[in-house]
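Below: the structure, in structure tokens.
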């Protein structure tokens, strides 16, 4: 019971510290933020901060690592859910819907983290990096069920849907997930289903 309380306290402290960095970075770059500012905003002692992080940059790196950990977890969950699929022709609209819903649900549950990642800088680097991550996610999930002769064509399709998905998710996150998740999932699922069907894939 005591350990459970300590775990909850630790989780809360880490969360409030990270959220404080999120807020501070809306107004100033990382190298202009101090540990003192974060502690004051989070209402925690400096000793609490240093119990979990070496410095500001370690905190920032841990947040980035959390993002990639979530992405990897999503990919694993999706791949586990389609183990019974032998080819793209086995996929239905419902399969795409379920995969996309689960992914968007993860984004929605971690919206502040995704906002933080997307707002790292004002140029196109974040968009490009997230598009690359989305591309790799699609590729890793679907590659096991792709016939070799379709690989080149499908790389083009992956690039196409990754770009559209990236822009859509970034806008959704920026607007605090204002579109109901069921509605957005249906739109994206139709987008994926239609794209792969248009490439003469018997879906």
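In our numbering, the protein residues as written are 172 to 374.
Just so you know, even glycine gets a beta-carbon here, dropped at the ideal spot from N, CA and C.
Remember, it's a predicted structure, so these values are computed and weren't measured experimentally.
In terms of residues, what are the limits of the alpha helix (DSSP H) holding residue 286?
Here residue 286 is taken as the residue at index 115 of the chain shown, counted from 1. That run of the alpha helix (DSSP H) goes 282 to 289.
Any idea what DSSP makes of residue 215, helix, strand or coil?
Against the chain shown, residue 215 aligns to sequence position 44. Residue 215 sits in coil when the DSSP states are folded into three classes, being neither helix nor strand.
Use the C-beta contact count for residue 185: other C-beta atoms within 10 angstroms, 16 or more gives buried, fewer gives exposed.
Reading the chain shown from its first residue, position 14 is the one you call residue 185. The C-beta of residue 185 has 16 or more other C-beta atoms within 10 Å across all chains shown, which makes the residue buried.
Whose C-alpha, out of 368, 341, 334, is nearest the C-alpha of residue 285?
As a position in the chain shown, residue 285 is number 114, starting the count at 1. It is 341.
With 16 other Cβ atoms within 10 Å as the buried cut-off, status of residue 228
For this step, residue 228 is matched to residue 57 along the chain shown. Burial check for residue 228: the Cβ neighbour count within 10 Å stays below 16, so the residue is exposed.
Take every Cβ of the segment 322 to 333, pair it with every Cβ of the segment 299 to 308, and state whether three or more of those distances are shorter than 8 Å.
With the cut-off at 8 Å, the segment 322 to 333 and the segment 299 to 308 touch.
Three-way DSSP call (helix, strand, coil) for residue 196 in this model
Within the chain shown, numbered from 1, the residue matching residue 196 stands at position 25. Reduced to three states, the DSSP call for residue 196 is coil.
In angstroms, rounded to a whole number, what distance separates the CA positions of residue 328 and residue 367?
Looking up residue 328 in the chain shown gives position 157. Looking up residue 367 in the chain shown gives position 196. The alpha-carbon separation between residue 328 and residue 367 amounts to approximately 7 Å.
Quick check on the burial criterion: 16 or more other C-beta atoms within 10 angstroms. Buried or exposed for residue 222?
By 1-based counting over the chain shown, the position of residue 222 is 51. Residue 222 should be labelled exposed.
Give me, in chain order, the residues of the same chain whose beta-carbon lies closer than 7 Å to that of residue 267; leave out the 5 immediate sequence neighbours on both sides.
Within the chain shown, residue 267 is the residue found at index 96, counting from 1. Within its own chain, the residues whose Cβ lies closer than 7 Å to the Cβ of residue 267, once the five positions on either side in sequence are excluded, are 360, 363, 364, listed in chain order.
Starting from the Cα of residue 326, find the closest Cα among 303, 182, 214 and give me that residue.
Along the chain shown, read from residue 1 onward, the residue named residue 326 stands at position 155. It is 303.
Would you call the CB atoms of residue 271 and residue 356 closer than 8 Å?
Counted from its first residue, the chain shown places residue 271 at position 100. Counted from its first residue, the chain shown places residue 356 at position 185. Cβ atoms of residue 271 and residue 356: closer than 8 Å.
Extent of the continuous alpha helix (DSSP H) run through residue 228
On the chain shown, residue 228 is found 57 positions in, with the first residue counted as 1. Start and end: 227 to 252.
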